[in-house]
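Residue numbering for the sequence shown follows the numbering used here, beginning at 13 and increasing consecutively.
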Amino acid sequence: MRLIETPDNPAPPGAIVSMASAVDGAALRVALWRPTTEPIGTLSIFPGRAEFIEKYFETVTEALARGFIVTVMDWRGQGLSTRQIANRRKGHIDDFSVFERDIDALVRQTLEPFCPKPWFALGHSMGGAILLMNAQSGRSPFERLALTAPMIDIWGIRLPRAARLLAESLDALGFGGAFVPFGKADSVMSKPFEGNVLTGDPRRYARSAAVLAADADLGLGDPTIGWAHAAFRLIDQFADAEYPRRILTPTLIFSAGDDHVVDARAVERFAARLKAGRAISLTGARHEILMERNSIRDLFWAGFDAFIPGTAQSEQEAESVSSAPR
């Protein structure tokens with residue numbers, strides 16, 4: 013396997029790229045890096061929907077500088093991992109619980125043999141939702157979770173009950189593998205920077221678009237009806253007030269104040285119910301916090317550093333970041 017590099021997005025040196033095999037045979041692309049100093053633990057990065065390892069090269073470099081061994085995995089159905097259906101442009105899954113097999117594969121074939129504990133996880137959007145699901149089931153292998161704009165609910169659905177009923181009905185009728193209504197095969201990164209909902213940083217937006225242009229196999233279009241139906245089922249579980257209270261893994265959630273992909277208010281309500289967690293709202297941030305402007309990313313890293321690897325003062329220090337001037 014390989015990593016796709018561009019002049020503006022070179023891979024951090026020393027990458028070890030391999031394929032992990034899930035129990036159902038899905039092949040998952042995994043990259044691992046080691047710091048130049050004695051590692052203080054391992055940070056596993058879990059991208060969001062339609063993302064890929066290469067998008068996180070900058071974040072990997074920053075985590076390596078902090079002394080972590082770093083792993084990044086392409087979820088099944090995206091990046092250069094096994095796609096779920098023949099059309100590579102369709103983002104598809106039948107049930108989000110299947111993604112837990114990907115986490116299990118990473119643990120068995122990468123973390124356990126090659127990565128010292130403590131293990132920590134950084135998840136974005138869909139990746140964050142999967143990590144929360146995994147923690148709620150009591151199966152999380154990670155000591156702490158840092159999540160950016162986790163997919164607790166989807167922003168801007170005007171008729172949520174009708175949308176759920178439509179997805180359920182079309183899936184039951186055998187259309188689960190079709191694009192959602194009005195869905196397209198084009199990647200969201202193929203659109204101009206102006207008016208995008210992902211980031212306010214034009215350089216980082218162009219950088220990600222250039223990676224996709226360098227290798228079209230990385231690209232993913234809109235989700236399928238099956239994906240939407242599965243996502244709605246998970247979102248409905250998150251809406252249960254008892255759900256976050258059963259998550260015992262210490263969790264720090266970063267919500268994006270200008271998020272037009274996931275519902276930031278739902279994210280913050282969910283975080284308020286966590287027994288071992290809290291939220292930091294980053295004013296002015298669009299959905300992809302780690303691809304945002306430096307001023308926003310600096311606030312993210314301040315919160316992250318106060319929380320991971322963790323000390324007796326971690327929660328108090330992370331709280332101070334949430335009240336810092338923007």
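C-beta atoms are modelled at their ideal positions from N, C-alpha and C, and glycine is treated no differently.
Residue i: buried (16+ other C-beta within 10 angstroms of its C-beta) or exposed?
i      : result
Lys129 : exposed
Pro11  : Since the first and last residues shown for the chain are 13 and 338, residue 11 lies out of range.
Pro337 : Because Pro337 sits at a pLDDT of 43, beneath the cut-off of 50, its placement in the model cannot be relied upon, and the point is left open.
Asp271 : buried
Val35  : exposed
Ala32  : buried
Asn306 : exposed
Lys287 : exposed
Thr295 : exposed
Arg257 : exposed
Phe194 : exposed
Leu177 : exposed
Glu63  : buried
Gly135 : buried
Met13  : exposed
Ile28  : exposed
Leu171 : exposed
Ala43  : buried
Pro19  : exposed
Ala291 : buried
Pro204 : exposed
Thr48  : exposed
Please name the residue or residues paired with residue i in a DSSP beta bridge.
i      : result
Ser56  : Thr83, Ala133
Gly195 : Gly195 is not bridged to any residue.
Thr48  : Paired residues: none, contrary to the question.
Phe308 : In the sequence as presented, Phe is not what sits at residue 308; that position holds Ile. For Ile308, which the question treats as bridged, DSSP gives no partner whatsoever.
Leu157 : Ala133, Thr263
Asp149 : Reading off the sequence shown, one finds Ser at residue 149, where the question assumed Asp. According to DSSP, Ser149 bridges with nothing at all.
Ile164 : BP columns for Ile164 are empty, so no partner.
Thr94  : According to DSSP, Thr94 bridges with nothing at all.
Ala39  : Ser33
If you compare alpha carbons, which of the options is closest to residue i?
i      : options                        : result
Gln249 : Gln121, Gln148, Pro214, Arg170 : Gln148
Pro321 : Glu155, Met145, Ala117, Gly150 : Glu155
Met85  : Pro214, Asp165, Gly60, Arg100  : Gly60
Cys127 : Ala291, Ile301, Pro51          : Pro51
Glu124 : Ile97, Gly139, Pro153          : Pro153
Ala251 : Ala228, Leu230, Asn146, Arg285 : Arg285
Glu304 : Ile142, Arg215, Asn99, Ala228  : Arg215
Asp317 : Pro24, Glu17, Gly37, Ala75     : Ala75
Leu246 : Leu144, Ala226, Asp213, Gly315 : Leu144
Ala242 : Asp227, Ile142, Arg46, Pro47   : Ile142
Glu66  : Gly269, Tyr217, Glu254         : Tyr217
Gly91  : Tyr68, Gly207, Tyr255, Arg41   : Arg41
Gly212 : Val119, Val72, Arg78, Ile301   : Ile301
Val207 : Asp275, His299, Thr54          : Inspection of the sequence shows that residue 207 is occupied by Gly rather than by Val. Closest option to Gly207, Cα to Cα, is His299.
Phe132 : Leu157, Ala98, Ala268          : Leu157
Phe319 : Ala39, Phe266, Ala228          : Phe266
Trp45  : Gly37, Ala77, Ser202           : Ala77
Under the three-state reduction of DSSP, which class applies to residue i: helix, strand or coil?
i      : result
Pro235 : strand
Val209 : coil
Ala179 : helix
Val274 : strand
Ala184 : helix
Ser30  : strand
Pro24  : coil
Gly289 : strand
Arg170 : coil
Ala372 : A question about residue 372 goes unanswered here, because the residues of the chain that appear run from 13 up to 338.
Arg120 : helix
Gly189 : coil
Met13  : coil
Gly103 : strand
Ala268 : strand
Thr18  : strand
Kindly indicate if chain D contains any beta-carbon less than 7 angstroms away from that of residue i.
i      : result
Ala225 : The question asks about chain D, but that chain is absent: this structure has only one protein chain.
Given the structure, does residue i come close to the ligand HEM, in the sense that its CB is under 6 angstroms from one of the ligand's heavy atoms?
i      : result
Asp165 : This structure does not include the ligand HEM; it has no bound ligands of any sort.
- Query: On the three-pair Cβ rule with 8 angstroms, is the stretch 184-191 touching the stretch 155-166?
  - Reply: Segments in contact, no.
- Task: Decide if the stretch 108-121 is in contact with the stretch 275-286; the criterion is three or more beta carbon pairs, one per stretch, under 8 angstroms apart.
- Result: Result no; under three Cβ-Cβ pairs closer than 8 angstroms.
- Message: Does the contact criterion of 3 or more C-beta pairs under 8 angstroms hold for the stretch 95-111 versus the stretch 68-82?
- Response: The answer is no - the stretch 68-82 does not touch the stretch 95-111, with fewer than three Cβ pairs under 8 angstroms.
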